[in-house]
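The sequence shown stops at residue 88 when you use the UniProt record's numbering, and every number in between is there.
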Amino acid sequence: TNCGLIQANPLTGIKAAFKKPKKENMAALTPAELPELMSAIANASIKRTTRCLLEWQLHTMTRPSEAAGARWDEIEWEEKVWTIPAER
């Protein structure tokens, strides 16, 4: 009976039509380059809030959304612990 079903997937070989993207590593700084970066940020013509956020992110090694969403009540100063909520 004709149910509108086909015997094979017409897109089975679709991968062959596209080139696989070349993997590239993201650029990284060496530890020796960090002081120069921090100095450049400190002397850049940017808003103070932007400068503070960049420095905070570099010191904490967090994602931009985590750093920008940081709240004072997430930081336990005596324990020196910042707990980032899982939903963020």
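Yeah, the Cβ is synthetic: ideal placement off N, Cα and C, and Gly gets one too. Since the model is a prediction, treat every value here as computed from it, not as a measurement.
### Option in PHE18, THR83 and CYS52 with minimal Cα separation from SER39
CYS52
### Message
Let me check understanding here. Comparing Cα to Cα, which of TRP82, GLU78 and TRP77 lies closest to ALA67?
### Response
The alpha carbon of ALA67 has as its nearest neighbour, out of TRP82, GLU78 and TRP77, the alpha carbon of TRP82.
### Message
Measuring only the C-alpha atoms, how far is GLY69 from LYS47?
### Response
18 Å
### Query
Which runs of the alpha helix (DSSP H), 4 residues or longer, sit entirely within the UniProt domain "Tyr recombinase" (24 to 88)?
34 to 43, 48 to 60 and 64 to 68
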